[in-house]
Amino acid sequence: MALQTVTTIKIGETIINNFSNLQIVQKIHDHHTFSIEVRQDLLVSEFESAMPVSQRYFGEKISIDIKPLPGLDDLMIISNPNDYILQFSGIVTNIKLTKSRVNEIEETILIQGFSRSIILDNGAQTNSFTQMTIADIASKIKTGYDIDLDIQPFFKEKLAYTVQYNESDFEFLNRLSKRHGQWFFDNGYKMVLGYGGSSVVPKLAYGINMHNFYYDMKLVPSLFKVLENDNRSGEFFADNPLEYRNETDGAHQNYINKSNQVFNKETTIQINQNAVGGSGNSSLEEYSKNKIRASMGKMMEINASSEVPGITVGGNVRITGVDKWLESSYNVTQITHICDDGGGYENQFTAVNISGAVFSPETNPDLVPYCKSQTAVVIANADPDGLSGVKVQMPWQEAKGETTPYIPLLQKYGGDARGAHIIPEIGDTVFVDFQGDNAELPIVIGTLTSGKEKSGYSTPNNDLKVLETRSGNKLILDDNKGDITIESKMGQTLAVLYGDGNIKFKAPKNIELEAGEDVFITAGRNVKIEAKENIGIDAGSNINQEARNNILIKAEGNIIEKGDEKMELIDKKITINSAEHIETAQKINLNATNGDMTLKASKTIHANSGENSNFN
Numbered sequence: 036m037a038l039q040t041v042t043t044i045k046i047g048e049t050i051i052n053n054f055s056n057l058q059i060v061q062k063i064h065d066h067h068t069f070s071i072e073v074r075q076d077l078l079v080s081e082f083e084s085a086m087p088v089s090q091r092y093f094g095e096k097i098s099i100d101i102k103p104l105p106g107l108d109d110l111m112i113i114s115n116p117n118d119y120i121l122q123f124s125g126i127v128t129n130i131k132l133t134k135s136r137v138n139e140i141e142e143t144i145l146i147q148g149f150s151r152s153i154i155l156d157n158g159a160q161t162n163s164f165t166q167m168t169i170a171d172i173a174s175k176i177k178t179g180y181d182i183d184l185d186i187q188p189f190f191k192e193k194l195a196y197t198v199q200y201n202e203s204d205f206e207f208l209n210r211l212s213k214r215h216g217q218w219f220f221d222n223g224y225k226m227v228l229g230y231g232g233s234s235v236v237p238k239l240a241y242g243i244n245m246h247n248f249y250y251d252m253k254l255v256p257s258l259f260k261v262l263e264n265d266n267r268s269g270e271f272f273a274d275n276p277l278e279y280r281n282e283t284d285g286a287h288q289n290y291i292n293k294s295n296q297v298f299n300k301e302t303t304i305q306i307n308q309n310a311v312g313g314s315g316n317s318s319l320e321e322y323s324k325n326k327i328r329a330s331m332g333k334m335m336e337i338n339a340s341s342e343v344p345g346i347t348v349g350g351n352v353r354i355t356g357v358d359k360w361l362e363s364s365y366n367v368t369q370i371t372h373i374c375d376d377g378g379g380y381e382n383q384f385t386a387v388n389i390s391g392a393v394f395s396p397e398t399n400p401d402l403v404p405y406c407k408s409q410t411a412v413v414i415a416n417a418d419p420d421g422l423s424g425v426k427v428q429m430p431w432q433e434a435k436g437e438t439t440p441y442i443p444l445l446q447k448y449g450g451d452a453r454g455a456h457i458i459p460e461i462g463d464t465v466f467v468d469f470q471g472d473n474a475e476l477p478i479v480i481g482t483l484t485s486g487k488e489k490s491g492y493s494t495p496n497n498d499l500k501v502l503e504t505r506s507g508n509k510l511i512l513d514d515n516k517g518d519i520t521i522e523s524k525m526g527q528t529l530a531v532l533y534g535d536g537n538i539k540f541k542a543p544k545n546i547e548l549e550a551g552e553d554v555f556i557t558a559g560r561n562v563k564i565e566a567k568e569n570i571g572i573d574a575g576s577n578i579n580q581e582a583r584n585n586i587l588i589k590a591e592g593n594i595i596e597k598g599d600e601k602m603e604l605i606d607k608k609i610t611i612n613s614a615e616h617i618e619t620a621q622k623i624n625l626n627a628t629n630g631d632m633t634l635k636a637s638k639t640i641h642a643n644s645g646e647n648s649n650f651n
């Protein structure tokens with residue numbers, strides 16, 4: 036049974052009164068489509084070409100209004116006049132000219148197109164958003180589009196780092212909405228991101244304005260736990276999505292219980308969704324909520340047909356006249372409107388009842404942006420958390436002034452209070468990979484050389500292994516010569532471990548050696564210490580010198596020895612030879628313990644005493 040209606044179709048400035056096979060298909064999280072057939076002779080004068088007409092309509096806006104013929108109120112259940120009014124706007128994107136003698140088809144123009152949401156599908160885009168809410172992101176994406184987008188998401192937390200990677204703006208907003216449990220749809224005259232529902236709630240009574248009704252229940256696995264990593268804190272977290280099942284009540288709780296009785300083995304899901312800069316615990320909780328929402332959204336739906344044009348996708352309908360347990364309000368997720376050339380209208384729709392919850396039945400928290408490894412430039416390297424991370428800017432971010440937050444840097448070795456600490460400099464080109472191929476989890480795995488950034492140490496035989504810092508400090512390992520060289524930022528060689536066994540240390544200023552206990556210097560042959568000025572030796576206790584042969588002390592100036600006492604122990608003979616020998620002391624004792632004492636002078640021996648002289 037069909038409702039008799041009046042349909043007004045306007046394309047650009049042209050009003051079309053005669054048509055056939057009008058169909059409008061509307062789905063949440065998708066573009067709406069429409070198609071209309073119009074006899075060619077109604078749009079094109081005889082003997083004229085249809086091409087100018089098709090070109091005139093191509094790309095034009097279209098509006099379609101359907102409402103009941105006057106005088107049918109007694110055949111309708113009306114709680115609001117808008118219950119029976121359909122309003123749709125879109126854009127003509129395709130025109131086909133058809134005629135066939137074989138199939139006995141008159142010359143017909145088939146006009147097809149999409150809802151105005153199609154303008155958001157203007158080609159792949161790549162963007163990143165740091166510390167922004169879904170509402171902020173959607174508002175930024177909407178800028179520049181001639182479209183009415185009602186942005187009211189119920190999830191209001193800031194997202195640490197969100198990436199749109201090679202997706203159209205529609206694909207991105209749609210994926211973002213599904214991932215976070217938000218409705219996203221075009222209700223015919225405006226787009227909505229947030230909660231589905233409408234002020235108009237048509238009442239459908241089975242056998243009066245609703246003629247088919249099907250109720251579908253499904254078992255969906257929901258017994259699992261979820262694990263998530265937090266690269267910044269170094270921890271992982273676990274959660275159980277069933278803890279959030281009470282967002283819905285009534286039948287859905289029974290569906291979950293039945294599903295868990297059938298699918299009774301708990302599974303474990305490892306996710307990689309904690310975007311850089313985010314909290315692993317918060318990310319996991321949000322994922323768990325949306326994971327159980329995804330299960331509950333699939334557990335039941337109804338399919339029905341009616342003759343009420345005012346049913347809108349994303350809106351609500353009230354069902355009566357069926358099983359009392361099923362009489363309730365339902366959210367419409369899909370509807371197909373059909374109107375024939377006689378004005379007869381009917382629709383088929385799908386709807387869900389999620390017991391008062393506001394999440395989308397097409398929630399899917401696993402919809403992350405995927406991308407492959409690529410290059411980037413380091414923008415900042417002073418990680419405020421001291422985790423040796425860097426901010427980078429990939430080529431697609433540069434034009435828009437976007438960067439990543441501080442992201443992890445892969446080191447060859449590391450751990451608590453140990454490991455390598457080598458961070459690329461600002462301006463360096465690095466190679467970025469993505470954990471789980473998730474574009475929101477970048478990791479720097481190394482640096483890249485190029486024609487613009489050469490190390491300068493390439494050799495035909497790969498002889499050199501070099502570490503050179505920003506200031507010019509170098510460690511050079513030469514596999515050809517076998518040398519290991521350390522150079523300062525001034526280009527001065529400080530140390531060389533030669534391949535032939537020699538070692539050389541050189542400092543333009545000072546060399547300081549300090550040991551907490553002992554310093555040992557051992558040479559297989561000679562030890563030579565040379566100073567252009569002074570050599571100082573200072574011991575807190577004793578200085579011991581020992582030679583198995585001779586000790587030679589030579590000075591071109593004076594030799595001065597000073598101490599409290601001096602003792603010389605010589606096994607054989609002491610020979611002192613000088614131009615003049617003077618010894619002065621308060622008291623002098625000369626004692627020959629086993630033999631004679633001889634005093635000899637080539638001239639006179641003078642013995643002089645201030646008091647008495649005694650020779651025995």
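First residue of the sequence shown? That's 36 in the numbering used here, and the numbers climb one at a time after it. Using N, Cα and C, we set each Cβ at its ideal position, and we do this for glycine too. If you're wondering where the values come from, they're calculated on a predicted model, not measured in any experiment.
* **Complete alpha helix (DSSP H) runs within the segment 330-363 (minimum length 4 residues, chain order)** => If we require 4 residues or more, the segment 330-363 turns out to have no alpha helix (DSSP H) run fully inside it.
* Asked: Taking just the CA atoms, how far does Asp65 sit from Asn209?
  -> The count along the sequence shown starts at 1 and reaches residue 209 at position 174. The count along the sequence shown starts at 1 and reaches residue 65 at position 30. Cα to Cα, Asn209 sits roughly 8 Å from Asp65.
* Asked: If Phe149 sits next to His67, beta carbons under 8 Å apart, how far is it from one beta carbon to the other, in whole angstroms?
  -> On the sequence shown, position 114 is the one that residue 149 refers to. On the sequence shown, position 32 is the one that residue 67 refers to. Contact holds; Cβ gap of about 6 Å.
* **3-residue-minimum beta strand (DSSP E) runs that sit fully inside the segment 158-224, ordered along the chain** => Qualifying beta strand (DSSP E) stretches, in chain order: 160-167, 184-187, 194-202, 218-221.
* To do: Would you kindly check if the distance between the Cβ of Cys406 and the Cβ of Asn201 is under 9 Å?
  => Position 166 of the sequence shown, counted from the first residue, corresponds to residue 201. Position 371 of the sequence shown, counted from the first residue, corresponds to residue 406. It is a contact, given that the beta carbons lie within the stated cut-off.
* Who are the Cβ neighbours of Glu475 in its own chain at under 6 Å, not counting the five residues just before and after it? -> Taking the first residue of the sequence shown as 1, we reach residue 475 at position 440. Taken in chain order, the residues that qualify are Tyr196, Val198, Ala310.
* **Residue environment, Met658, which counts as buried when at least 16 other CB atoms sit within 10 Å** => An answer regarding residue 658 cannot be provided, because it is not within the stretch 36 to 651 covered by the chain.
* Asked: What do you reckon, are the CB atoms on Thr355 and Thr368 nearer than 9 Å?
  -> Counting from 1 along the sequence shown, the entry for residue 355 is found at position 320. Counting from 1 along the sequence shown, the entry for residue 368 is found at position 333. Cβ distance not < 9 Å, so Thr355 and Thr368 don't count as in contact.
* Asked: Taking Glu342 as the reference, which of Leu239, Asn157, Trp431 has the closest Cα?
  -> Here residue 342 refers to the residue found at position 307 when the sequence shown is read from its first residue. Out of Leu239, Asn157, Trp431, Leu239 has the C-alpha closest to the C-alpha of Glu342.
* Select from Asn351, Ser268, Leu483 the residue whose C-alpha is nearest the C-alpha of Asn316. => In the sequence shown, the residue the question calls residue 316 occupies position 281. Measuring from the Cα of Asn316, the nearest candidate turns out to be Ser268.
* Nearest-angstrom Cα distance between Asn351 and Asn244? -> Within the sequence shown, numbered from 1, the residue matching residue 351 stands at position 316. Within the sequence shown, numbered from 1, the residue matching residue 244 stands at position 209. Put simply, the backbone Cα of Asn351 is about 16 Å away from that of Asn244.
* Run of the alpha helix (DSSP H) containing His287, from where it starts to where it stops -> Along the sequence shown, read from residue 1 onward, the residue named residue 287 stands at position 252. Start and end: 286-297.
* To do: Please name the residue in Ala550, Arg74, Asp599 whose C-alpha comes closest to that of Ala620.
  => In the sequence shown, counting from the first residue as 1, residue 620 sits at position 585. Closest by alpha carbon: Asp599.
* Is the segment 267-287 touching the segment 383-401 in the sense that three or more CB pairs, one from each, lie closer than 8 Å? -> Touching, yes.
* If Leu404 sits next to Gly424, beta carbons under 8 Å apart, how far is it from one beta carbon to the other, in whole angstroms? -> As a working note, residue 404 is residue 369 in the sequence shown. As a working note, residue 424 is residue 389 in the sequence shown. Note on identity: in this sequence residue 404 is Pro, with Leu being the wrong assignment. Not confirmed; about 21 Å, so no contact.
* Asked: In terms of residues, what are the limits of the beta strand (DSSP E) holding Glu263?
  -> By 1-based counting over the sequence shown, the position of residue 263 is 228. Counting along the chain, the beta strand (DSSP E) containing Glu263 begins and ends at 259-265.
* To do: Give the single residue among Thr484, Asp472, Gln470, Asn366 whose Cα lies nearest to the Cα of Val412.
  => Sequence index remark: in the sequence shown, residue 412 carries index 377 (1-based). Taking only the C-alpha atoms, the option nearest Val412 is Thr484.
* Give every residue of the same chain whose Cβ lies closer than 8 Å to the Cβ of Gly223, excluding the five residues on either side of it in the sequence, and list them in chain order. => For the purposes of this step, residue 223 is taken as the residue at position 188 of the sequence shown. Same-chain partners within the cutoff: Gln61, His67, Leu121, Gln122, Phe123, Ser124, Ser150, Thr347, Val348.
* Endpoints, the alpha helix (DSSP H) within which Pro430 is located -> Mapped onto the sequence shown, residue 430 falls at position 395. Looking at the DSSP string, the run of the alpha helix (DSSP H) that includes Pro430 is 430-433.
* With a cut-off of 8 Å, do at least 3 Cβ pairs link the segment 538-554 to the segment 521-529? -> Yes, the segment 538-554 is in contact with the segment 521-529.
* Could you tell me whether the Cβ atoms of Met334 and Lys213 are closer together than 9 Å? => Counting from 1 along the sequence shown, the entry for residue 334 is found at position 299. Counting from 1 along the sequence shown, the entry for residue 213 is found at position 178. No.
* To do: Decide if Phe190 is buried, meaning its Cβ has at least 16 other Cβ atoms within 10 Å, or exposed.
  => Counted from its first residue, the sequence shown places residue 190 at position 155. Buried, since its Cβ has 16 or more Cβ neighbours within 10 Å.
* Gly46: first and last residue of the uninterrupted beta strand (DSSP E) it sits in -> Walking along the sequence shown from the start, residue 46 turns up at place 11. The sequence shown places Ile at residue 46, rather than the Gly named in the question. 38-46 is the extent of the beta strand (DSSP E) around Ile46.
* Asked: Does the beta-carbon of Ile605 have 16 or more other beta-carbons within 10 angstroms, so that it is buried, or is it exposed?
  -> To locate residue 605, count along the sequence shown from 1; it is residue 570. So Ile605 ends up on the exposed side.
* Rounded to whole angstroms, how far is the Cβ of Ile291 from the Cβ of Ser257, which I believe are closer than 8 Å? -> Along the sequence shown, read from residue 1 onward, the residue named residue 291 stands at position 256. Along the sequence shown, read from residue 1 onward, the residue named residue 257 stands at position 222. So it is a contact: roughly 6 Å between Cβ atoms.
* Consider the Cβ of Lys225: report whether some Cβ of chain B lies at a distance smaller than 9 Å. => Annotation note: the requested chain B is absent from the structure, which comprises a single protein chain.
* To do: Taking Gly345 and Pro237 to be in contact with their CB atoms under 8 Å, please state how far apart those CB atoms are, rounded to whole angstroms.
  => Locating residue 345 in the sequence shown gives position 310, where the first residue counts as 1. Locating residue 237 in the sequence shown gives position 202, where the first residue counts as 1. Contact flag correct, Cβ pair sits at about 5 Å.
* To do: Write down the C-beta distance between Ile373 and Gln58 rounded to the nearest angstrom, noting that I regard them as a contact closer than 8 Å.
  => Counted from its first residue, the sequence shown places residue 373 at position 338. Counted from its first residue, the sequence shown places residue 58 at position 23. Going by Cβ atoms, the distance from Ile373 to Gln58 rounds to 5 Å, so yes, they are a contact pair.
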